[in-house]
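**Q** Dropping a structure here in structure tokens format, bear with me for questions.
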Amino acid sequence: MTFLHSNEDSTFEERREFVRRIVEERLAPFAAMVEESPRNMANAIVFHQGSFAADLDFDELVLLGAAIKFAGERGFEIHIPVKNPESLQKP
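Right under this line is the structure:
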């Protein structure tokens, strides 16, 4: 499934809805965790650098961006620590 589509004719709200739909359909456990987490208990989410797009796959990069936007709009800080930059290079 590819996520490419034209944004030229869509409104901001339509694009926001598109992001929400992507996250809820493709990352359902993540979406549920974000929606159900009490805001006073957790305000940050940490992604491991390899949890998305380890092979630099375009659709996974889009999922990463959608997940960041989804959580950010709900008040979460997003952290992606890179402890081993060499792991970003494919052997």
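Per this note's numbering, the very first residue in the sequence shown carries number 298; after that it's consecutive. Just so you know, even glycine gets a beta-carbon here, dropped at the ideal spot from N, CA and C.
#1: DSSP puts GLU374 in a beta bridge; with which residues?
#2: For the structure I just gave you, are there three or more beta carbon pairs, one from the region 308-317 and one from the region 353-360, closer than 8 Å?
#3: Under the rule that 16 or more other beta-carbon atoms within 10 Å means buried, what is ALA339, buried or exposed?
#4: Which value, in whole angstroms, describes the spacing of the CA atoms of ILE377 and THR308?
#5: What residue range is occupied by the uninterrupted alpha helix (DSSP H) comprising PHE355?
#6: What does the alpha-carbon distance come out to for the pair ALA328 and ILE375?
**A** Per the coordinate set shown:
#1: ALA341
#2: no
#3: exposed
#4: 30 Å
#5: 355-369
#6: 14 Å
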